[in-house]
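Encoded as structure tokens, the structure appears first; notes follow it.
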Amino acid sequence: MINKVVSGADDAIKDIKDGDTLMLGGFGLCGIPENCITALVKKGVNKLTCIANNAGVDDFGIGLMLQTRQVKKMISSYVGENAEFERQLLSGELEVELIPQGTLATRCMAAGYGMPAIFTPAGVGTEVAEGKEIRNFNGKDYLMEYAFDADFALVKAWKGDTAGNLIFRSTSRNFNPVMAMAGKITIAEVEHLVEAGELDPDHIHTPGVYVHRIFQGENYEKRIEQRTTRKKD
Amino acid sequence: MINKVVSGADDAIKDIKDGDTLMLGGFGLCGIPENCITALVKKGVNKLTCIANNAGVDDFGIGLMLQTRQVKKMISSYVGENAEFERQLLSGELEVELIPQGTLATRCMAAGYGMPAIFTPAGVGTEVAEGKEIRNFNGKDYLMEYAFDADFALVKAWKGDTAGNLIFRSTSRNFNPVMAMAGKITIAEVEHLVEAGELDPDHIHTPGVYVHRIFQGENYEKRIEQRTTRKKD
Amino acid sequence: MLDKNGIAKRIAKEIKDGYYVNLGIGIPTLVANYIPEGINVVLQSENGLLGMGPFPFEGEEDPDLINAGKQTITTLAGSSIFDSAMSFGMIRAQKIDLTILGAMEVSENGDIANWKIPGKMVKGMGGAMDLVASAKNIIVAMQHINKAGESKLLPNCTLPLTGVKCIKKVVTELAVLDILPEGGFRLLERAPGVSVDFIKQSTLGKLYADDNVPEMILD
Amino acid sequence: MLDKNGIAKRIAKEIKDGYYVNLGIGIPTLVANYIPEGINVVLQSENGLLGMGPFPFEGEEDPDLINAGKQTITTLAGSSIFDSAMSFGMIRAQKIDLTILGAMEVSENGDIANWKIPGKMVKGMGGAMDLVASAKNIIVAMQHINKAGESKLLPNCTLPLTGVKCIKKVVTELAVLDILPEGGFRLLERAPGVSVDFIKQSTLGKLYADDNVPEMILD
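Residue numbers (our numbering), protein chains in the order written: chain R, 778 to 1010; chain B, 778 to 1010; chain W, 405 to 623; chain A, 405 to 623.
In structure tokens, the structure reads:
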């Protein structure tokens, strides 16, 4: 089996350079590549375009890269849970492209499946449709949307093996598998790195062929954005 | 949770009628819906269009439905492992539409994902492209292929729960999950039917929302088409 | 006049046995509290879960298990997890029977605006555009009139649209209304104590109302 | 002149460390037997497996575990299983580094015919059209001349095509040849004991050959 293990986050992201387009997995703060983000902040790489469903909060997730003004453009479905984001957007320092969440996910999948474009009804008749090709199938209008083209995809999995196979845990799966498929180079950080052979082939969510580098992550904070509970009766 | 359990194959297929379009999971004889096929033969429903990667062998799989002349048309990528198939084809009793295997799979997936059409380079410049729209993306030609529209999908899983969630075993997965997503009505037969809650939500390949009826199959033969082995040294 | 819980309670009566339901953020989330006993319903959360359960007990929150509103939740027996592409795949393929979401404005031809107010910080449409464009059955939970007393049920939406000709039913603090295929709101039920005349005054879009419109039955 | 195993052996030398490889039915399957030691290669089987292992020991066959040739096989440590859509998704997205497949005819501009003989029972293209249309690196394992002594390396294919302008390298019982971007076969190596003249005679398509073409080194 081909070994994809690298020593850690710094090593994994070492060739990410100014102006690159990155995909970052996660939904809100759930399932985000915490170690890679820390390493990107440390490396200080700039003018990044980030494709990610959300932009983190002020002091966590992609918010950390906004604080250091490393992000030129966000391509997301829902943003603005952080004051710094809003400030940069209003001041024109930051560009934002808002995309329906399903379109965002499917444009990732399209890249991973070698499909140059997909059709979706999301956004027909709205400003999202401006300048896009509309096509009618069976009486319903669809927009043609293109596959993403990302230099790197940074994803976070629960378990991974040395061959790059990934297993996600619960709803931290979200965008991670579709982005893992879509990066020209895919970097996976995992909570538990195991030897090839320890994962059941039937349980693998992302086959190792899609993963170029994998490392054992550390110090996961896994912050909760909306802690909601009920009381025991 | 919504209960999808029906009593058995006869019950599950009771409303399949003459002229319907069926998808049948499996690759060769691996992972085919054996119980549903037996029930279809027993019911004697006719003029079926079958979307399936292969057409079985003379005395097993879809071959059983060919013996009884229940199939009007096969939509497949590779057929003809059976003499009766060839006889019916040459005599004009049976229609066959041959489709590249990846196109077949992706047209199923497109139906399950609500995408009316997909683009694939498979078949460009060949007779498969005849009459189809060709479109160039980034310097490469692609064919536009449409999502399938099937009345029923018949799939075979290893485990399933009462909520219709499915888990497949090894390469018997093949076309089953993409067809399970694609049927207007999806019928799943499983080797092991368990209560909702017994399957790990992270291990489920096909979520129950795609499955309309599920039953505990019986008497699985799981025939091997090409038994290849090596000797212990 | 209904409060938010009243709106949620009335909408819950629209949920049928065997439905897969997607609940948006806000009032729609409250609907889960009023699903009638004996009705089997599966809640979808578009971040990748079928079978959303209640909030966890204190101390049992799992950061890896959240809903589309980023709230900590639980799973149920029979839940399944999937990625974002499959989640919106099943939405697009109309496998979800009912979608309930909030709105800022709805027009008499079924257009909806619920994501953007020009001049204000725009957070994004999230999954709303996918949901309204794909769902076969959408109920909007919204306020009939804004704080200035202006109608939010309009001839045409004034805000940027989320989707066109997609809304079939609206439940507000004042009324239950269908949107007719040929256009126009049809008044089906009045909130307790609200007159047909008041609903007429409060609806700027074309409204069809009989003289005898029944009052909602909430329990 | 090489036998089938010789062709497979020569092709195996094209496989580099870290390659994901799809092997077609026939001679390509034999290539697995000659992958050099110390080279880490992962074999993909397009029915849904990465990490194809050897045939099982007698009595250990698993009907649920087959390759695209429907043969019983095994998995290896690090194998993964997926559905047919993902399998061809990774093929289409060019995640597979090398595809090796058989052919009936190849043309000097890289067209390939390997699925249909008019007048004969047509079994289908299986995954071949997807593979040739998508793969960035395809090697064809084929016979240079048929039993009647006629060339199968042609100016244009006479049989219905499987794919156009997609083949870059051909290994036959006589030679290793590249197909040039501008068209034409370029002779790279001769099989042991085979002369350049014989290869010229046996190639109907345009052939570029130096006087000194090295003999293949197989071990």
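C-beta atoms are modelled at their ideal positions from N, C-alpha and C, and glycine is treated no differently.
In terms of residues, what are the limits of the alpha helix (DSSP H) holding residue i?
i, result
"C1017(B)", "Since the first residue shown for chain B is 778 and the last is 1010, residue 1017(B) is missing from the structure and cannot be characterised."
"N812(B)", "811 to 820"
"G493(W)", "488 to 496"
"S538(W)", "532 to 538"
"M958(R)", "953 to 959"
"V782(B)", "Looking at the DSSP string, V782(B) is not in any alpha helix (DSSP H), and its letter there is neither H nor E."
"L841(B)", "840 to 844"
"I895(R)", "Note, I895(R): premise wrong, no alpha helix (DSSP H); beta strand (DSSP E) at 894 to 897."
"E861(R)", "860 to 867"
In terms of residue numbering, what span does the beta strand (DSSP E) encompassing residue i cover?
i, result
"Q993(R)", "990 to 993"
"T479(A)", "479 to 485"
"M921(B)", "917 to 923"
"I504(W)", "502 to 506"
"V510(A)", "509 to 511"
"T826(R)", "825 to 828"
Considering only residues of the same chain and omitting the five flanking positions on each side of residue i, which have a CB-CB separation below 6 Å?
i, result
"V600(W)", "A613, V617"
"E450(A)", "A472, S491, G531"
"P460(A)", "T476, T478"
"E872(R)", "K850"
"T798(B)", "T826, A927, D928"
"P406(W)", "Here the sequence assigns Leu to residue 406(W), which means Pro is not the residue at that position. Excluding positions up to five away in sequence, the list reads E577, A595."
Would the beta-carbon of residue i fall within 7 Å of that of residue j?
i, j, result
"D515(W)", "L565(W)", "yes"
"S511(A)", "L563(A)", "no"
"G808(R)", "N951(R)", "yes"
"K824(B)", "G796(B)", "yes"
"R864(B)", "F925(B)", "no"
"N444(W)", "I500(W)", "no"
"A539(A)", "T503(A)", "yes"
"F945(B)", "Y919(B)", "no"
"K781(B)", "V986(B)", "no"
"D468(W)", "S947(R)", "yes"
"E418(W)", "I543(W)", "yes"
"P893(R)", "S484(A)", "no"
"K569(W)", "N513(W)", "yes"
"G889(R)", "A959(R)", "yes"
"L806(B)", "R1004(B)", "no"
"A882(R)", "A595(W)", "no"
"A887(R)", "V856(R)", "no"
Which residues in the same chain have their Cβ closer than 7 Å to the Cβ of residue i, if we skip the five residues on either side of it in sequence?
i, result
"I790(B)", "C813, A816, L817, K820, I964"
"E966(B)", "A786, P810, N812, C813, K933, F992, G994"
"P877(B)", "S854, A899, G900, V905"
"Y423(W)", "V445, D501, L502"
"P432(A)", "I504, L505, G506, A545"
"L622(A)", "G410, K413, R414"
"L866(R)", "V873"
If I measure Cβ to Cβ from residue i and keep anything under 8 Å in the same chain, skipping five residues before and after, which residues do I get?
i, result
"E465(A)", "T476"
"F901(R)", "Checking the sequence shown, residue 901(R) turns out to be Val, not Phe. Here the set comprises I911, D918, Y919, L920."
"F602(W)", "L578"
"M778(R)", "T939, A940, A973, G985"
"H548(W)", "S555, K556, L557, T576, E577, L578, A579, I603, S606, T607"
Residues of the stretch 463 to 496 of chain W whose Cβ lies closer than 7 Å to any Cβ of chain B, in chain order
Those residues of the stretch 463 to 496 of chain W that come within reach of chain B (Cβ to Cβ, closer than 7 Å) are T479, L480, A481, G482, S483, S484, I485, F486, G493, M494, R496.
Note down, in chain order, all residues in the stretch 833 to 856 of chain B with a beta-carbon under 9 Å from any beta-carbon belonging to chain A.
Close to chain A, meaning a Cβ-Cβ distance shorter than 9 Å, are the following residues of the stretch 833 to 856 of chain B: S853, S854, Y855, V856.
Pull out every residue of the stretch 879 to 906 of chain B whose Cβ sits closer than 8 Å to any Cβ of chain A, in chain order.
Within the stretch 879 to 906 of chain B, the qualifying residues are G879, T880, L881, A882, T883, C885, M886, T897, P898, A899, G900, V901, G902, T903, E904, V905.
For the stretch 986 to 999 of chain B, which residues have a CB atom closer than 8 Å to at least one CB atom of chain W, in sequence order?
Going along the stretch 986 to 999 of chain B in chain order, one finds V986, Y987 with a Cβ nearer than 8 Å to chain W.
Note down, in chain order, all residues in the stretch 521 to 548 of chain A with a beta-carbon under 9 Å from any beta-carbon belonging to chain B.
Within the stretch 521 to 548 of chain A, the residues whose Cβ lies closer than 9 Å to some Cβ of chain B are M525, V526, K527, G528, M529, G530, G531, A532, M533, D534, L535, V536, A537, S538, listed in chain order.
Report yes or no: do the stretch 952 to 959 of chain B and the stretch 906 to 916 of chain B share at least 3 C-beta pairs separated by less than 8 Å?
No, because fewer than three Cβ pairs between the stretch 952 to 959 of chain B and the stretch 906 to 916 of chain B fall closer than 8 Å, the two stretches do not touch.
What are the residues of the stretch 795 to 821 of chain B that lie near chain A, defined by any Cβ-Cβ distance shorter than 8 Å?
With the criterion set as a beta carbon lying under 8 Å from some beta carbon of chain A, the members of the stretch 795 to 821 of chain B are F804, G805, L806, C807, G808, in sequence order.
So, do the stretch 825 to 833 of chain B and the stretch 847 to 860 of chain B have three or more beta carbon pairs nearer to each other than 8 Å?
A contact between stretches requires three or more CB pairs, one per stretch, nearer than 8 Å, and the stretch 825 to 833 of chain B meets this requirement with the stretch 847 to 860 of chain B.
Between the stretch 972 to 982 of chain B and the stretch 934 to 942 of chain B, do at least 3 Cβ pairs fall closer than 8 Å?
Taking 8 Å as the limit for Cβ pairs, the verdict is that the stretch 934 to 942 of chain B does touch the stretch 972 to 982 of chain B.
Output, in sequence order along the chain, the residues in the stretch 431 to 457 of chain W whose CB is closer than 9 Å to any CB in chain R.
Against chain R - using a Cβ distance shorter than 9 Å - the residues of the stretch 431 to 457 of chain W are S449, E450, N451, G452, L453.
Taking a Cβ distance cut-off of 7 Å, strictly less, list which residues of the stretch 915 to 936 of chain R are near chain B, in chain order.
Under the 7 Å Cβ criterion, the stretch 915 to 936 of chain R contributes N915, Y919.
Under 7 Å (Cβ pairs) to chain R, residues found in the stretch 408 to 425 of chain A
Here the close residues are G422, Y424.
Chain-ordered residues of the stretch 496 to 522 of chain A with a beta carbon less than 9 Å from chain R:
Within the stretch 496 to 522 of chain A, the residues whose Cβ lies closer than 9 Å to some Cβ of chain R are R496, A497, Q498, K499, I500, listed in chain order.
Listed from N- to C-terminal order along the chain, which residues in the stretch 966 to 988 of chain B have their beta-carbon within a distance smaller than 7 Å of any beta-carbon of chain W?
Going along the stretch 966 to 988 of chain B in chain order, one finds A973, G974, P978, D979, I981, P984, G985, V986, Y987 with a Cβ nearer than 7 Å to chain W.
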